[in-house]
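Protein chains in written order, with this note's numbering: chain A, 1 to 341; chain B, 1001 to 1341; chain C, 2001 to 2341; chain D, 3001 to 3341.
Written out as structure tokens, the structure reads:
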């Protein structure tokens, strides 16, 4: 942390701020510059809150130098974390694909979709049993019945299943039925839920909040890891911007940026970002080429009758074609990535 | 809902889409235009999900016409909702002020601040006992001990107390100690928490999510009202934008916009938006002049030693001066507002 | 400028970066920290481009410490710049109001509006003769004819007139007719136009770009001042955000933030930010209370027939009422502001 | 255009609005709905300005139905526009790459870079002679001398050259030296410059404004086409968002969205979006896989000594490796794209 002082701060002014810093248990080291003094804050464990010093008399700016996270940081662990689930490994340079409908609607539906996505090469199945919906009047998911259908999918197809958990109350229930827990974008900073996920034995997919900075997202992962669960997979799903031609703006830059900061695997969900099928396909190719550690893609057997997000779901045939192209892209990129890291 | 078709869609194409709409139980009425056909969707109860029709062959765009909310809507209830708490009324044209520190730190601290803000004219006291923090290593609040201190504040000063509840697990506890429940910005779409708040007897302050559209915010309030609690107060606290000169961008336009759409009272929290004291004061004046139904302002007796958000807290003397100016502004504006509505 | 190195950078690594910095003519001073080294860059004239050092081997981050602007900076000139135009002074604590229609449509129109806004207390008249329009098919303004009408307004009413200049080609023409030159939001970084304005004798109103950071805006003003024109007035007019309930998001925080960084006066245009009349009025009150150095408000005698932006124009009667309230607010705030600065 | 009325608007209220619409020369057709009336506006040539009707008594919302652009629209021309420059064709399914340094610094520099990028497969050379810089104190480019160096590059290597033109004053000069005119992000709505470009015989690369909606960008292209120049190439270069891990957020969704709306080719500039080399490479792969009609990539022979944007420039060897991978990706995608359109 660097506390930059106003030009012309007197020596007493500098000392007053030094005292305030040291009162908080840190070491303060004044750094005289050309026309102003800065004070470095040293020997801090964890992060220092800039807000402590902003607004003090004579303080112009407070500049954080080190990052506040630890366990998630690549400085803490240089090698990629690899999360293994069934036949999938997230973080080893391959790109496992998780596919399935937005919401579980019926046993026939999920079985039909699961069989076709498995055939196309998906390694995990997704489907929502509890759905976070903007409106209380929208379809909220089948609940435990949906979880049972997901279990049946696993038994019948062998695919591990992923579903979202929306609250601590239902966590035990969801954990009992599925292989991977998803924390949704609206809950990225639901700290109680993050802590509960940290005490789970299940791997966790942590979606990025709609307006989360990379650092906030990694701090959310830190909440999970700090409780003992290190099987965290980050999932970029689009951020909120001024743009209106897509539902959200898929922020692909965050993939290399996250890999630089953190050892955790990061996957991409092009379906929720785009919101329309025409954009999902090219964004899936782009994410494959980018070097994402996996993808999550919505597939529905009858998108035009889907209870939720039909417009962004691929038809099974489209998904099969997309998987083929993505695998081909991936085989080219594999080496390229090796060069980058 | 208006489904706009591509130019040159054939009569059969139109009929195919009409059939899909009617299969979902709606009435479809084609509206031939100059060079293209649109289809109106009628007789829908609740809202229609645009995603059902977007992406269908021949569909160019789907345009929602009516708003998806009901109970919160001014069309549903024309008169302002008035929420009465102690001596404060939110929604009757006055501007009650809620003041206090970001976090409860000690009994002395809260008592000292409460006495001075009461003297300055604040009608409610705020203080966090459970703090949502980006980092798991930051101060997380005193928990139940903090709630007890808040109770003592009420006993000693008579001021009703407001605190944030972060999860359903602690809801009963918080509800037992405080007068007003606050749902924080990160939990605006924590639907389980909203539902629980809807079953509470306490008034609820619902902060706007950092990237929430007005409509999403009103839908979150709808979750609370739909469970039976109609004492909901909206609180604007800044949105996330590209801007770096303030922590968030206070969106004052949302106050008149929300009042137009909804009968619920809407207050402003200039402290969290600004993040620095120098901006809090002018934004507080601005919010008073704008016609906000209340304000929530952070005050700390020793901001430079605060455990959380010291930089944005006013000194008690500043707060007293600010209250005086705000009351004067308010007396001018009262009439102006009468003209507007 | 602080160049922060990766943890574990060797002494040779540090020296390699020192050499690169010194090759560019700067002085490099390594600052060993707890677990990593940073290098301060000293004796730089003007600003140092972070991009020179970002991306070098071993460099983790580059943190600018000093601001890149000079002439516009409050560190360079502590007292407020006061821009005097007719009876108005921008920057002396008063709040002169510029009023008029979006576009000059006819002589009758501008004369009628000018007379009524003058009577209500406006000190300058505005009207567009050259209109920047998103579409080439929209009304583009009356051009020189419009400028002549503005001249007539000045002769008839004594009000100085303000109009936008869109390009260097028309600058001489516009300069010949009007008292104040406005540079619009889309041209905030049209550097040739800024330089031309810097060589003008006319005061310049520089609107903020729709997605301009404060620093970029001040740098645009620096372009004007650097050519010799120090009569620059900043004008906040709303930024582009994800929000859809208003045309743009009026960023009132930028007013105190700009005043802190710069000595230039800063005014607010609530009309373009809001886009609808219902929001313009409360935002005008808010801007008055905030301490803005002036306001620019659209008024039209027949908003429902306006050729441009009718929805955001006030009726003359509304404007008169708004002026009265704003003056009252202002008289309260005057003292408050004195306290703040 | 659909004018949606408030619930409970009387028949006279409806007729009053009908009269206002017809006074402007349009046909108004009331459409009674379940609980409110809407009025369709028909027989409009060009677009109708929503602002005319927003804010009228009884009007709740104004919803545009048709798009305002014509010449750029895919409804106007179904086949892709193909822009041919030297050996490159933009818009035929191939992906020509434009490469070179941010700024022209010396003849040796540009010749050295041009030779290596040509060898790697680039089909055009780029380099800035006039540089738009946020600060008046930053390097502004070599001006005409730089243009001469670009000419020499073309003579020596046979590569057509691209450079940015910043104003109408220098347009003739730039046009005389280079093959392709670039309009930069800050000038996307410099309408005088767009019109001048529309009267040029040179193809134009139109970069997207930092906060431009797709529709505004297409309208900017409409300005160029309307003057007679149909050789317009759109270039996505990142938008401004709240994100801080990259300079801008590359909005890849805009590529399929623009192709749907318009027949114009659209290319991607990953260098300016990312701002750091580590992100440029994966984003270049992503853009190739996405189906972009071309790319513009910065390459510098000595990035660590570059006068501008060194951090985002690839080393020549990196560029060669990237080209190889991109071509391989492209050969896979070619067929995929055929399926999509």
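Using N, Cα and C, we set each Cβ at its ideal position, and we do this for glycine too.
To the nearest angstrom, how far is it from the Cα of residue i to the Cα of residue j?
i: residue 3209 of chain D; j: residue 3217 of chain D; result: 7 Å
i: residue 3030 of chain D; j: residue 3018 of chain D; result: 8 Å
i: residue 23 of chain A; j: residue 1311 of chain B; result: 16 Å
i: residue 247 of chain A; j: residue 2057 of chain C; result: 38 Å
i: residue 3277 of chain D; j: residue 3204 of chain D; result: 27 Å
i: residue 3011 of chain D; j: residue 3001 of chain D; result: 20 Å
i: residue 1038 of chain B; j: residue 1021 of chain B; result: 13 Å
i: residue 1339 of chain B; j: residue 2095 of chain C; result: With a pLDDT of 38 at residue 1339 of chain B, under the threshold of 50, the modelled position of that residue is not reliable, and no figure is offered here.
i: residue 1078 of chain B; j: residue 3015 of chain D; result: 24 Å
i: residue 3297 of chain D; j: residue 2206 of chain C; result: 33 Å
i: residue 1245 of chain B; j: residue 3328 of chain D; result: 45 Å
i: residue 3151 of chain D; j: residue 3169 of chain D; result: 20 Å
i: residue 124 of chain A; j: residue 99 of chain A; result: 6 Å
Taking residue i as the query, report the chain B residues whose CB atoms sit under 8 Å from its CB, ordered along the chain.
i: residue 219 of chain A; result: 1134, 1135, 1136
At 9 Å on the CB atoms, spell out the chain C contacts of residue i, in chain order.
i: residue 3253 of chain D; result: Neighbours of residue 3253 of chain D on chain C: none; closest Cβ ~15 Å, over 9 Å.
Start and end of the beta strand (DSSP E) containing residue i?
i: residue 1186 of chain B; result: Counting along the chain, residue 1186 of chain B falls outside any beta strand (DSSP E), and DSSP gives it neither H nor E.
i: residue 3146 of chain D; result: From DSSP, residue 3146 of chain D is part of no beta strand (DSSP E) but of the alpha helix (DSSP H) over 3144-3157.
i: residue 100 of chain A; result: 97-100
i: residue 2206 of chain C; result: 2204-2207
i: residue 1164 of chain B; result: 1161-1164
i: residue 2295 of chain C; result: 2295-2298
Show which residues of chain C have a CB atom less than 7 Å away from the CB atom of residue i.
i: residue 3189 of chain D; result: 2132, 2186
Since residue i is in the alpha helix (DSSP H), which residue starts that stretch and which ends it?
i: residue 224 of chain A; result: 214-226
i: residue 1173 of chain B; result: 1171-1177
i: residue 1286 of chain B; result: 1277-1290
i: residue 118 of chain A; result: 107-120
Using a Cβ cut-off of 8 Å, pull out every chain C residue sitting near residue i, in sequence order please.
i: residue 1342 of chain B; result: Nothing can be reported for residue 1342 of chain B: it is not among the residues displayed for chain B, which extend from 1001 to 1341.
Using a Cβ cut-off of 7 Å (strictly closer), state whether residue i contacts chain D.
i: residue 2310 of chain C; result: yes
i: residue 207 of chain A; result: no
i: residue 234 of chain A; result: no
i: residue 1216 of chain B; result: no
i: residue 259 of chain A; result: no
Less than 7 Å between CB atoms is the rule here; does residue i satisfy it with respect to chain B?
i: residue 3240 of chain D; result: yes
i: residue 2278 of chain C; result: yes
i: residue 2272 of chain C; result: no
i: residue 167 of chain A; result: yes
Please list the partners that residue i has in chain A, where partner means a Cβ-to-Cβ separation under 8 Å.
i: residue 3178 of chain D; result: Simply none; closest approach about 30 Å.
Could you name the residues of chain D that residue i contacts, counting a contact when the two beta carbons are closer than 7 Å?
i: residue 2226 of chain C; result: 3136
Within 10 Å of its beta-carbon, does residue i have 16 or more other beta-carbons around it, so buried, or fewer, so exposed?
i: residue 3103 of chain D; result: buried
i: residue 1106 of chain B; result: exposed
i: residue 2127 of chain C; result: buried
i: residue 2155 of chain C; result: exposed
i: residue 1334 of chain B; result: exposed
i: residue 108 of chain A; result: exposed
Could you work out which residues of chain D lie near residue i, taking near to mean beta carbons separated by less than 8 Å?
i: residue 1031 of chain B; result: 3031, 3040
Against chain A, with Cβ distances strictly below 7 Å, would residue i count as a contact?
i: residue 2007 of chain C; result: yes
i: residue 3245 of chain D; result: yes
i: residue 1068 of chain B; result: yes
I'd like to know if residue i contacts chain G, where contact means its C-beta is closer than 7 Å to some C-beta of that chain.
i: residue 2294 of chain C; result: Among the chains of the structure shown, chain G does not appear; the protein chains present are A, B, C and D.
Starting from residue i, find everything on chain B with Cβ-Cβ shorter than 7 Å and list it in chain order.
i: residue 2160 of chain C; result: Ordered by position in chain B, no residue passes the 7 Å Cβ test against residue 2160 of chain C, which lies about 27 Å from the chain.
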